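Below is one structure, written out as structure tokens, with a few remarks after it.
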Amino acid sequence: MIEDKWPQHAYTAAARDIAPALLGRYLVHKIGEKILAGRIVETEAYGGMYRRQPDDGSHAFRGLTSRTEPMFWAGGWSYVYLIYGRYCCMNIVTGSKGDAQAVLIRAVEPVSGLDEMLKNRGVSSLCKNLTNGPGKLCQALNIDLRQNKLDLCGDELYVIEPNNARRICTCRSTRINIDYAVKGKYFPWRFYIKGNPYVSRF
DNA sequence: AGCTCGATGTCT
DNA sequence: GACATCGAGCTA
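Residue numbers (my numbering): 1427 to 1628.
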């Protein structure tokens, strides 16, 4: 795999623009010599404004807290949080310092380290169930709270351009499981690759 | 210190 | 459709 890592300036745009741009790129978790990687097929943008409405679906909506601290950093850091006491979700912070925007990685297609992913997920053979959800992909790629607040320009967790990028059709929809967000539930900020079997829901 | 709940996944 | 499981965030 030729590494063509996204540099810091690739993360300075708004989450709503970077979320679709991440589709088709590879998310890489390097553990020592082991490479676990997945092709990003589904994302959601959080934070910022849509039609002059602030995003009440964002963790950062009510301001800076200890959990959401990395969301307020400049683009190019990881924000990993624990959900329901059992799973983790991985976000890529975007924008400028103080913007509090991030892109949730909701699904990937396994690319590298298949055996390791199967083991991490407790699954016996390659199937879409391996990485078709934000908690599942973190488990497969061995991403947990230890990977919170990592510099994506470092050498452990990062995004690369695949050298044989396929042409994709992008679909968009409202985001999953944010009914609590009075305004944000209507923002069309979920993006996914049309027809890809690893997308979490259609 | 106590209480509530969640950007989910798994099993029934 | 029930429920596991735990840290953050809020109230006091």
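A virtual CB, placed ideally from N, CA and C, is assigned to each residue, including glycine.
Since the model is a prediction, treat every value here as computed from it, not as a measurement.
Cα separation between residue i and residue j?
i, j, result
"Ala1566", "Leu1544", "7 angstroms"
"Cys1595", "Ile1619", "6 angstroms"
"Asp1481", "Thr1494", "15 angstroms"
"His1485", "Tyr1507", "10 angstroms"
"Tyr1606", "Tyr1612", "11 angstroms"
"Asp1581", "His1455", "9 angstroms"
Give me the Cβ distance between residue i and residue j, rounded to the nearest whole Å; I'm assuming they're in contact under 8 angstroms.
i, j, result
"Arg1572", "Arg1598", "The pair is not a contact, with the Cβ atoms about 32 angstroms apart (cut-off 8 angstroms)."
"Leu1530", "Glu1470", "4 angstroms"
"Asp1430", "Ile1586", "5 angstroms"
"Gly1630", "Arg1601", "The chain is shown from 1427 up to 1628; residue 1630 falls before or after that span and cannot be answered."
"Leu1589", "Glu1535", "With the sequence shown as reference, residue 1589 is identified as Asn, and Leu is not the correct amino acid for it. No, Asn1589 and Glu1535 are not in contact; Cβ-Cβ is about 16 angstroms, not under 8 angstroms."
Could you pull the start and end residues of the alpha helix (DSSP H) that residue i belongs to?
i, result
"Pro1433", "Element bounds for Pro1433: n/a, residue is neither H nor E."
"Arg1442", "1441–1447"
Report the option in the options whose CA atom is closest to the CA atom of residue i.
i, options, result
"Pro1433", "Asn1574, Pro1480, Ala1500", "Ala1500"
"Ala1447", "Asp1430, Glu1468, Lys1456", "Glu1468"
"Ser1550", "Glu1459, Leu1540, Asn1558", "Leu1540"
"Gly1626", "Gly1548, Arg1532, Leu1578", "It should be noted that the sequence gives Ser, not Gly, for residue 1626. Selected option, being the one with the closest Cα: Arg1532."
"Gly1458", "Val1534, Asn1603, Leu1583", "Leu1583"
"Thr1557", "Tyr1513, Ala1441, Ala1445", "Tyr1513"
"Asn1568", "Pro1588, Ala1441, Lys1460", "Lys1460"
"Met1497", "Gly1474, Gln1527, Arg1488", "Gln1527"
"Leu1576", "Ala1607, Val1519, Gly1621, Phe1613", "Val1519"
"Gly1502", "Gly1511, Gly1473, Ser1522, Phe1487", "Ser1522"
"Tyr1437", "Ile1509, Asp1525, Gln1479", "Asp1525"
Using DSSP bridges, identify the partner residues of residue i.
i, result
"Gly1464", "Leu1453, Pro1536"
"Asn1517", "Tyr1505, Leu1530"
"Ala1566", "BP columns for Ala1566 are empty, so no partner."
"Leu1583", "His1455"
"Asp1577", "Trp1503"
Between which two residues does the beta strand (DSSP E) containing residue i stretch?
i, result
"Ile1619", "1616–1619"
"Ser1522", "Element bounds for Ser1522: n/a, residue is neither H nor E."
"Arg1598", "1596–1599"
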